[in-house]
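Student:
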Amino acid sequence: MQQYRRPIAGPLALVLLIAGTAGLLGSARPSLAQEDADGTWLPLTIVYTSDIKGKIEPCG
Amino acid sequence: MIQSEFLLEQTDGFGYDAIGLGERDLNYGWDFLAEAIEKYHLPFTSANVRDAATGELLLPEYLIVEKMGIRFGICSVLDPSLKIVSMAAKDRQYEVADPSTTLRELIPRMRERCDTVVLLSHLGDKPTEALLKEIQGIDVAVIGHMVRPYQRERIMSDCLMLAAVFEGRVIGRADVHVDSEDGKVMSVQVKITSLTDEVEDDPVMLQAMEDFKQEAEERRLAQRAAYPRDLGAENEQFLGNGNCKACHTQIYQDWRHTGHANAYTVLRAKNMQFEPECLACHTTGYRHYNGFDEQDRTSLSHVQCEACHGYGTRHVRNGEMNEQARESCTQCHNDDQRPCYDDSKDVRFDYATSWEKIAH
Numbered sequence: 020m021q022q023y024r025r026p027i028a029g030p031l032a033l034v035l036l037i038a039g040t041a042g043l044l045g046s047a048r049p050s051l052a053q054e055d056a057d058g059t060w061l062p063l064t065i066v067y068t069s070d071i072k073g074k075i076e077p078c079g
Numbered sequence: 021m022i023q024s025e026f027l028l029e030q031t032d033g034f035g036y037d038a039i040g041l042g043e044r045d046l047n048y049g050w051d052f053l054a055e056a057i058e059k060y061h062l063p064f065t066s067a068n069v070r071d072a073a074t075g076e077l078l079l080p081e082y083l084i085v086e087k088m089g090i091r092f093g094i095c096s097v098l099d100p101s102l103k104i105v106s107m108a109a110k111d112r113q114y115e116v117a118d119p120s121t122t123l124r125e126l127i128p129r130m131r132e133r134c135d136t137v138v139l140l141s142h143l144g145d146k147p148t149e150a151l152l153k154e155i156q157g158i159d160v161a162v163i164g165h166m167v168r169p170y171q172r173e174r175i176m177s178d179c180l181m182l183a184a185v186f187e188g189r190v191i192g193r194a195d196v197h198v199d200s201e202d203g204k205v206m207s208v209q210v211k212i213t214s215l216t217d218e219v220e221d222d223p224v225m226l227q228a229m230e231d232f233k234q235e236a237e238e239r240r241l242a243q244r245a246a247y248p249r250d251l252g253a254e255n256e257q258f259l260g261n262g263n264c265k266a267c268h269t270q271i272y273q274d275w276r277h278t279g280h281a282n283a284y285t286v287l288r289a290k291n292m293q294f295e296p297e298c299l300a301c302h303t304t305g306y307r308h309y310n311g312f313d314e315q316d317r318t319s320l321s322h323v324q325c326e327a328c329h330g331y332g333t334r335h336v337r338n339g340e341m342n343e344q345a346r347e348s349c350t351q352c353h354n355d356d357q358r359p360c361y362d363d364s365k366d367v368r369f370d371y372a373t374s375w376e377k378i379a380h
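Line by line, the protein sequences are chains Y and W.
For what it's worth, this note's numbering labels the leading residue of the first sequence as 20, then goes sequentially.
For what it's worth, this note's numbering labels the leading residue of the second sequence as 21, then goes sequentially.
Written out as C-alpha cells, the structure reads:
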C-alpha cells in the first residue's frame with residue numbers, strides 16, 4: 020500500500036583512505052620480519068566503505 | 021537533496037584519498053555534484069563515465085596518492101547496466117563505457133606511473149571477479165554495489181579483493197604490507213567493523229547531525245506543499261487502526277506488540293521525521309490521499325493495518341483486503357531500506373522468520 024517512494028538519491032559510491040602505519044612491522048607479526056628479509060615491506064592501512072546512498076542514518 | 025549536500029560537506033573532513041563514482045552520485049545532476057566536489061574538495065574519480073555529448077570524462081581518469089614513498093594509482097569503474105537517473109532539469113546525458121575495455125587500456129598506463137594500482141569497482145562481486153580474471157596489473161580491488169551476501173577478503177589473479185558493504189554500515193580496515201620495490205601487496209589482515217549503536221559516535225559529528233536534522237525538519241514543515249497527498253485512490257479513505265479494532269480486536273492487540281506499532285516513534289527518536297523517504301515506511305498512507313500527515317492525520321502514525329492491507333473503506337464496503345502481504349513487506353523491507361537486516365551476521369530480510377514477529 021505504501022506507494023510513495025522517490026528514488027533514493029545521492030552519494031557516495033566507494034570511499035577509500037590509505038594511511039601509512041610506520042613502525043609497526045617489527046611489533047605486529049614476528050614472522051613478517053623473517054619473510055621481509057630485505058626490509059622493503061612497508062605497513063599501510065586501507066580503510067574503505069561503500070554505497071552511502073545519501074543517507075545520514077541507515078534504515079532499521 | 022539537502023541530506024546529500026550535508027553528507028558531502030561532512031565527507032570533506034574524513035580525509036578520504038579517493039571516491040569512486042556510483043550511479044546514484046548523479047541523481048541530482050552533474051552540476052550539483054561538480055559544485056560539491058569543488059566546494060568540499062572531494063576526490064572523486066571515474067575511468068568510464070563520460071558526457072555523452074562531448075565524449076569527455078566527467079572526472080579524473082585516476083588519482084595518484086603517495087604514501088610512505090609508494091605511489092598508489094586509484095581508478096574507479098561503474099557498471100554500464102546501472103541506470104543513471106538524474107532528477108535535475110536539463111541535465112546532460114551520460115555514457116558509461118565497458119569497464120573491461122576501459123581498464124585494458126588504462127591499467128598499463130597507470131603502471132608506468134604508479135607502484136600499486138587500486139581499483140574501486142562499482143560492479144558488484146561477480147562482475148569484478150570476472151574482470152580480474154581478464155585484466156592483469158591490478159593490486160587491490162575494493163568492490164562496491166554489493167548485493168548480499170558478500171565474501172570477505174580474498175586473493176584472485178594476484179589481486180587483493182576487499183568487499184565494502186551497503187550504506188556505510190560497515191567499515192573495512194585492511195592492514196597490508198606493500199613491497200616498496202615493486203608496489204606488490206605482500207600481506208593483509210582485514211578487520212570489518214559494523215557501525216552499530218555500540219560504536220561510539222564522534223561528538224562533533226553527532227552535534228552537526230542533530231543541527232542538520234533540526235534545520236531539515238523546519239524546512240520540510242515550511243514546505244509541506246511540496247509533498248502533496250496525491251497518490252492512491254482519491255475516493256477511498258484510510259480509516260485508521262482505531263476503526264479496525266472494532267471488529268478485529270485480537271489482531272489489533274497483537275499488532276500493538278510489534279515493531280510496526282512503534283515505527284513512527286522510532287523515527288522521531290532518531291529525529292529523522294524530516295525525510296519523506298523515511299515517512300513513507302514509518303507511517304500509513306504518506307503522500308496518499310487522506311494518508312498520514314503530522315498536522316491533520318496523526319492517527320495514521322506507525323505501520324498500521326491499512327499500510328499492508330489497503331484502504332479500510334474498500335474493506336468495509338465489500339470485504340476487500342490485500343492478502344498478498346509478502347509484497348507489502350518488500351516495499352519497505354528490501355535491499356534499499358534494509359530494516360531487519362543484520363550486516364554483521366549477514367542476515368537479510370526473510371519473510372518466514374520475520375512473519376513470526378508480526379503473525380496475526
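Every residue gets a Cβ at the ideal spot worked out from N, C-alpha and C, and that includes glycine.
Kindly indicate which three-state DSSP category asparagine 338 (chain W) falls into: helix, strand or coil?
Tutor: Position 318 of the second sequence, counting from 1, holds the residue named residue 338 (chain W). If DSSP states are grouped into helix, strand and coil, asparagine 338 (chain W) belongs with the helices.
Student: Any Cβ of chain Y within less than 8 Å of the Cβ of phenylalanine 26 (chain W)?
Tutor: By 1-based counting over the second sequence, the position of residue 26 (chain W) is 6. Yes, its Cβ sits closer than 8 Å to a Cβ of chain Y.
Student: Near lysine 377 (chain W), which residues of its chain fall below 8 Å by C-beta distance, leaving aside the five closest residues on each side in sequence?
Tutor: Here residue 377 (chain W) corresponds to residue number 357 of the second sequence, with the count starting at 1. If we look at lysine 377 (chain W) and ignore the five residues flanking it on each side, its Cβ neighbours are Thr278 and Gly279.
Student: Taking Cβ to Cβ, would you say aspartate 313 (chain W) is nearer than 8 Å to arginine 239 (chain W)?
Tutor: Position 293 of the second sequence, counted from the first residue, corresponds to residue 313 (chain W). Position 219 of the second sequence, counted from the first residue, corresponds to residue 239 (chain W). Going by C-beta atoms, aspartate 313 (chain W) is not nearer than 8 Å to arginine 239 (chain W).
Student: If you compare alpha carbons, which of W:Ile191, W:Gln270, W:Lys204 and W:Gly305 is closest to tyrosine 67 (chain Y)?
Tutor: Position 48 of the first sequence holds residue 67 (chain Y). Comparing Cα-Cα distances from tyrosine 67 (chain Y) to each of W:Ile191, W:Gln270, W:Lys204 and W:Gly305, the minimum goes to W:Ile191.
Student: Grouping DSSP H, G and I as helix and E and B as strand, with all else coil, what is glutamate 12 (chain W)?
Tutor: Only positions 21 to 380 of chain W appear in this structure, which leaves residue 12 (chain W) out of reach.
Student: List, in chain order, every chain Y residue whose beta-carbon is nearer than 9 Å to that of arginine 193 (chain W).
Tutor: One-based indexing of the second sequence puts residue 193 (chain W) at position 173. Under the 9 Å cutoff, chain Y gives Thr64, Ile65, Val66 and Tyr67.
Student: Check the Cβ-Cβ distances between phenylalanine 294 (chain W) and every residue of chain Y, and say whether any is below 8 Å.
Tutor: Here residue 294 (chain W) corresponds to residue number 274 of the second sequence, with the count starting at 1. No, because no Cβ of chain Y sits closer than 8 Å to the Cβ of phenylalanine 294 (chain W).
Student: Here's a check: name, in chain order, each residue in its chain whose Cβ is nearer than 6 Å to the Cβ of leucine 287 (chain W), leaving out the five neighbours to either side.
Tutor: In the second sequence, residue 287 (chain W) corresponds to position 267, counting from 1. Cβ within range, chain order: Gln293, Cys298 and His302.
Student: Do you know how far the Cα of aspartate 57 (chain Y) is from the Cα of leucine 41 (chain W)?
Tutor: Counting from 1 along the second sequence, the entry for residue 41 (chain W) is found at position 21. Counting from 1 along the first sequence, the entry for residue 57 (chain Y) is found at position 38. Looking at the two C-alpha atoms, the distance is approximately 38 Å.
Student: Between which two residues does the beta strand (DSSP E) carrying isoleucine 191 (chain W) extend?
Tutor: Along the second sequence, read from residue 1 onward, the residue named residue 191 (chain W) stands at position 171. Start and end: 190 to 199.
Student: With a threshold of 16 other CB atoms inside 10 Å of the CB of proline 169 (chain W), please say whether the residue is buried or exposed.
Tutor: To locate residue 169 (chain W), count along the second sequence from 1; it is residue 149. Note that proline 169 (chain W) has pLDDT 49, beneath the 50 cutoff, so the model's placement of it is unreliable and the number below is only indicative. Classification for proline 169 (chain W): exposed.
Student: Would you call the region 100 to 119 of chain W in contact with the region 129 to 137 of chain W, where contact means no fewer than 3 C-beta pairs closer than 8 Å?
Tutor: Because the criterion of three Cβ pairs below 8 Å is not met, the region 100 to 119 of chain W and the region 129 to 137 of chain W do not touch.
Student: Verify whether the separation of the beta carbon atoms of leucine 182 (chain W) and valine 198 (chain W) is less than 8 Å.
Tutor: On the second sequence, residue 182 (chain W) is found 162 positions in, with the first residue counted as 1. On the second sequence, residue 198 (chain W) is found 178 positions in, with the first residue counted as 1. Cβ atoms of leucine 182 (chain W) and valine 198 (chain W): not closer than 8 Å.
Student: Just checking, does the region 257 to 266 of chain W make contact with the region 201 to 208 of chain W on the three C-beta pairs under 8 Å criterion?
Tutor: Segments in contact, no.
Student: Roughly how many angstroms separate the alpha carbons of glycine 49 (chain W) and phenylalanine 64 (chain W), rounded to a whole number?
Tutor: By one-based count along the second sequence, residue 49 (chain W) stands at place 29. By one-based count along the second sequence, residue 64 (chain W) stands at place 44. So the alpha carbons of these two residues sit roughly 15 Å apart.
Student: Cβ closer than 9 Å: which chain Y residues qualify as neighbours of methionine 229 (chain W)?
Tutor: The residue given as residue 229 (chain W) occupies position 209 in the second sequence. The contacting residues are Ile75 and Glu76.
Student: Give a yes or no on whether 8 Å exceeds the smallest Cβ distance from glutamate 29 (chain W) to chain Y.
Tutor: Residue mapping note: residue 29 (chain W) aligns to position 9 of the second sequence, counting from 1. No, its Cβ sits nowhere closer than 8 Å to a Cβ of chain Y.
Student: Is methionine 341 (chain W) close to chain Y? Criterion is C-beta to C-beta, closer than 8 Å.
Tutor: As a working mapping, residue 341 (chain W) is identified with position 321 in the second sequence. Not one chain Y Cβ lies under 8 Å of methionine 341 (chain W).
Student: For glutamine 156 (chain W) and leucine 126 (chain W), what's the separation of their Cα atoms in angstroms?
Tutor: Numbered from its first residue, the second sequence carries residue 156 (chain W) at position 136. Numbered from its first residue, the second sequence carries residue 126 (chain W) at position 106. Their Cα atoms are separated by approximately 11 Å.
Student: Quick one, are the C-beta atoms of proline 100 (chain W) and aspartate 118 (chain W) less than 8 Å apart?
Tutor: Here residue 100 (chain W) corresponds to residue number 80 of the second sequence, with the count starting at 1. Here residue 118 (chain W) corresponds to residue number 98 of the second sequence, with the count starting at 1. In contact: proline 100 (chain W) and aspartate 118 (chain W) (Cβ atoms closer than 8 Å).
Student: Strictly by DSSP, which residues pair up with isoleucine 94 (chain W)?
Tutor: To locate residue 94 (chain W), count along the second sequence from 1; it is residue 74. Answer is W:Leu83 and W:Val138.
Student: Looking at the secondary structure, which residues open and close the alpha helix (DSSP H) in which glycine 164 (chain W) lies?
Tutor: Against the second sequence, residue 164 (chain W) aligns to sequence position 144. Looking at the DSSP string, glycine 164 (chain W) is not in any alpha helix (DSSP H), and its letter there is neither H nor E.
Student: Across which residues does DSSP place phenylalanine 64 (chain W) in a beta bridge pair?
Tutor: Here residue 64 (chain W) refers to the residue found at position 44 of the second sequence. DSSP lists W:Ile39 as partners of phenylalanine 64 (chain W).
Student: Chain Y beta carbons: is any one of them nearer than 8 Å to that of isoleucine 155 (chain W)?
Tutor: Position 135 of the second sequence, counted from the start, is the residue given in the question as residue 155 (chain W). So, not an interface residue.
Student: Out of W:Pro296, W:Glu256, W:Tyr306 and W:Ala184, point me to the one whose CA is closest to threonine 318 (chain W)'s CA.
Tutor: On the second sequence, position 298 is the one that residue 318 (chain W) refers to. Comparing Cα positions, the closest option is W:Tyr306.
Student: Counting C-beta neighbours from all protein chains within 10 Å, is the total for histidine 353 (chain W) 16 or more, i.e. buried, or is it exposed?
Tutor: Here residue 353 (chain W) refers to the residue found at position 333 of the second sequence. That one is buried.
Student: At a Cβ threshold of 8 Å, is aspartate 370 (chain W) touching chain Y?
Tutor: To locate residue 370 (chain W), count along the second sequence from 1; it is residue 350. Answer no: the Cβ-Cβ gap between aspartate 370 (chain W) and chain Y never drops below 8 Å.
Student: Give the C-beta separation of arginine 346 (chain W) and glutamate 340 (chain W) to the nearest angstrom, bearing in mind that I take them to be a contact with Cβ-Cβ under 8 Å.
Tutor: On the second sequence, position 326 is the one that residue 346 (chain W) refers to. On the second sequence, position 320 is the one that residue 340 (chain W) refers to. The Cβ separation is near 18 Å, so there is no contact.
Student: For serine 101 (chain W), name the three-state secondary structure that DSSP assigns.
Tutor: Position 81 of the second sequence, counted from the first residue, corresponds to residue 101 (chain W). Coil at serine 101 (chain W), not helix or strand.
Student: Tell me the residue span of the beta strand (DSSP E) that contains aspartate 71 (chain W).
Tutor: The residue labelled residue 71 (chain W) in the question sits at position 51 within the second sequence. 69 to 71 is the extent of the beta strand (DSSP E) around aspartate 71 (chain W).
Student: In chain order, what residues of the same chain have a beta carbon less than 7 Å from the beta carbon of leucine 53 (chain W), not counting five sequence neighbours either side?
Tutor: To locate residue 53 (chain W), count along the second sequence from 1; it is residue 33. Contacts found: Asp45 and Leu46.
Student: When the Cα atoms are used, what is the spatial distance from alanine 184 (chain W) to aspartate 222 (chain W)?
Tutor: Taking the first residue of the second sequence as position 1, residue 184 (chain W) is located at position 164. Taking the first residue of the second sequence as position 1, residue 222 (chain W) is located at position 202. Computed Cα separation, rounded: 22 Å.
Student: Counting along the chain, where does the beta strand (DSSP E) carrying isoleucine 212 (chain W) start and finish?
Tutor: The residue labelled residue 212 (chain W) in the question sits at position 192 within the second sequence. First-last of the beta strand (DSSP E) with isoleucine 212 (chain W): 205 to 214.
Student: Taking the Cβ atom as the reference point for each residue, do asparagine 342 (chain W) and histidine 329 (chain W) lie within a distance shorter than 8 Å?
Tutor: As a working note, residue 342 (chain W) is residue 322 in the second sequence. As a working note, residue 329 (chain W) is residue 309 in the second sequence. Taking 8 Å as the Cβ cut-off, asparagine 342 (chain W) and histidine 329 (chain W) qualify as a contacting pair.
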